[in-house]
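Only one structure is covered here, and it is reproduced in the block below.
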Amino acid sequence: MERKWWKESVVYQIYPRSFMDSNGDGIGDLRGILSKLDYLKELGVDVIWLSPVYQSPNDDNGYDISDYQAIMDEFGTMQDWERLLEEVHRREMKLIMDLVINHSSDEHPWFMESRRSKDNPYRDFYIWRQGRNGAEPNNWESCFSGSAWHFDEATGEYYLHLFSKKQPDFNWENPDLRRALYDMMTWWLDKGIDGFRLDVINFISKEPGLPDAPNREGKKYVFGGQYFINGPRIHEFLQEMHKEVFSKYDIMTVGEMPGVTTEEAILYTGEDRHELNMVFQFEHMDLDSGPGGKWDVKPWTLKDLKTVMTRWQKALENRGWNSLYLNNHDQPRMVSRFGDDTAYREESAKMLATFLHMMQGTPFIYQGEEIGMTNVRFSSIEDYRDIETLNMVREKVMENVEDMGKVMRAIHMKGRDNARTPVQWDDTKHAGFTTGTRWISVNPNYKEVNVKKALLNPVFYYYKKLIQLRKQHEIIVYGSYDLILENHEQIYAYTRTLGNEKFVVICNFFNSTPCFELPAYLKSYKEIELVIANYEVDSANEIESMVLKPFEARVYRLVF
Ligand code: NOJ
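In terms of UniProt numbering, the sequence shown opens at residue 1 and continues consecutively.
What follows is the structure, encoded as structure tokens:
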């Protein structure tokens, strides 16, 4: 397997709006990030991924870009950004930028031109269609509820928007559009950035003809994913992007890919394919979604988690590369979702970190995860800001859904604002995030959960240790993965193997005290060492049979 810096790195994701505010306007900004670089260096992360900081009307908090080569006023200036890059590099870290090129903002000059007339030179940069019998061109549903089409008075046609109506989809069939985007990407790379995270990049190629999606339930709009997820020209486009842009730099690329399968991921990340380094897959994020999708919440099971994670680990072994994440700015907080955010908050946060960081792949830490931040449960919809959540509620209200309690419960479990409440730096007003009026409320548990406390208590230091271990033990990066105790209902255990060495990773996912038995074939080790554990452990020899504490995690190193 080829050795690469991005395989050996740990990435930290910053959602700038909620990270740190430096000027008291209640919105996180670049200087705020600058003031916390030493904190990130202390944690030991190698790469920082910045969620979008470009000029944007903020319909979707920066994922709707109106100028790809300018910084959002609320976040600062291009000089601030350049200073940030310089200071990141001075601390020997790297910076990757979020690249949102499935769509732009409707306030981008290209779209403003495009909507002007049918023969405008930019018309074909976006996807315009005539209506069908006075209705939308097809039945596709937007990822943010409602139709994926918006009627535009000026020219009497509809444009496609897979997200909000202020996020028109680009027409990737147009070579001039592709050239313009590659030039923009090159401009950023020439400024010295270290790579890109590519937003919903497997949505860019749409099935020609944009057919109706099968509509078995007779709904007004249905998810048309089969016609744009991993679409017909996707590999061609990515290979072209690689040739025209990525191949000229030593960078890291990670593609966000809802609906990606392992078979597709091998094609996207295979070393001989020249597309991307890794993808964000979603199968483990979908384990608690019922047939009705994200908001149709059902309990996840450990069995399913084992199946999904093991499938990804084995499928990409020697054939591609995994990204590893349990939360981000679109997902609930991992400790609330997969752990216990009350009595065992710290223990389960550390257990989940162990579980993830010991797998093969590049781990991503989402801001606040390193101190065990939790979901928030605002009681009023007024406190929510996320367009996905608000559109969903609007739709439920329009449909006269009676059980609004159920809707609120789903928001508490799945809403994206769970991840977007400000980072809790200390126990002062607004958790030290801002001196002004914060754009979204702080999680009321900030007096208990905050960085200042975490620097005295162990969650932060546990992450720091996990990151250091990756630098000390090649096996964590390059070792192969094998599931053990496959049918155990409470313990997720696996081994990593490199040469005559094995790591045994043991994670109790429950508030219970299950017994771990080392499989017979692993008992012939010559040396044993405890690498990390989230409780005090007396002796290494316990490994053959032991009773685990609630949410206990241990990693042993065995030499054969
Ligand atoms: C995925 C991003 O992570 C999410 O925050 C955004 O809303 C959509 N793509 C649309 O850009």
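Built from N, CA and C at the ideal position, the CB exists for glycine as well. All values derive from a computational prediction rather than experimental measurement.
- Selection around ligand 1 by beta-carbon proximity, strictly under 5 Å to any non-hydrogen atom, yields D60, Y63, F163, D199, V200, D330 in chain order.
- Rounded to whole angstroms, the separation of the alpha carbons of Y268 and V260 is 10 Å.
- Burial of K294 is indicated by the presence of at least 16 other C-beta atoms within 10 angstroms of its C-beta.
- Scanning the stretch 8-57 for uninterrupted alpha helix (DSSP H) segments of 4 residues or longer gives 30-34, 37-43, listed from N- to C-terminal end.
- Sorting P232, E275, Y221 by C-alpha distance to the C-alpha of H242 places E275 at the top.
- In the three-state DSSP reduction, A213 falls in the coil class, being neither helix nor strand.
- If you draw a straight line from the Cα of R337 to the Cα of T301, it comes to about 11 Å.
- One thing to note: I48 has its Cβ within 9 Å of the Cβ of Q13.
- Residue range 515-517 is occupied by the beta strand (DSSP E) that includes F516, with no alpha helix (DSSP H) assigned at that position.
- Per DSSP, F460 is one residue of the alpha helix (DSSP H) stretching across 458-472.
- DSSP lists F170 as the beta-bridge partner residues of Y126.
- The count of Cβ pairs closer than 8 Å, one atom from the stretch 525-544 and one from the stretch 370-379, stays below three, leaving the stretches out of contact.
- L189 carries a helical assignment under DSSP once its states are collapsed to helix, strand and coil.
- For T253, DSSP records a beta bridge to F196.
- In this chain, the alpha helix (DSSP H) harbouring F355 covers 345-357.
- Between R31 and N23, the C-beta gap is smaller than 9 Å, which places the two residues in contact.
- A check of alpha carbon separations from S205 across E388, L485, I234 identifies I234 as the nearest.
- Where R233 is concerned, there is no enclosing beta strand (DSSP E), because DSSP gives it neither an H nor an E.
- Looking only at N391, E87, A154, F144, the smallest Cα-Cα distance to L162 is reached by F144.
- As a beta-bridge residue in DSSP terms, L558 pairs with K502, I528.
- E517 has its alpha-carbon roughly 13 Å from the corresponding atom of N487.
- Around the beta carbon of G224, 16 or more other beta carbons lie within 10 angstroms, which makes this residue buried.
- In the DSSP annotation of this structure, the continuous segment of the beta strand (DSSP E) that includes G293 starts and ends at 293-297.
- Beyond the five residues adjoining it in sequence on each side, V308 comes within less than 6 Å, by CB distance, of E283, H284 in the same chain, given in chain order.
- According to the DSSP assignment, Q79 belongs to no beta strand (DSSP E) but to the alpha helix (DSSP H) extending over 78-90.
- Below 8 Å, enough C-beta pairs join the stretch 146-157 and the stretch 100-119 to call them touching: three or more.
- In this structure, the straight-line span from the alpha carbon of T389 to that of A419 is close to 13 Å.
- For R319, the three-state secondary structure derived from DSSP is coil.
- For D21, the number of other beta carbons within 10 angstroms of its own is at least 16, and it is reported as buried.
- Spatial neighbours of L287 in its own chain (CB-CB distance under 8 Å, excluding positions within 5 residues in sequence) are listed in chain order as W300, T301, D304, L305, V308.
- Each of Q313, V449, D272 was checked against the Cα of A343, and the nearest Cα belongs to V449.
- Judged by DSSP secondary structure, H412 falls within the alpha helix (DSSP H) whose first and last residues are 404-414.
- Contact check between the stretch 102-111 and the stretch 159-176: three or more CB pairs, one atom from each, fall below 8 Å, which counts as touching.
- T262 sits close to A315, with the two beta carbons spaced by under 9 Å.
- Sorting I201, L181, Y221 by C-alpha distance to the C-alpha of E136 places Y221 at the top.
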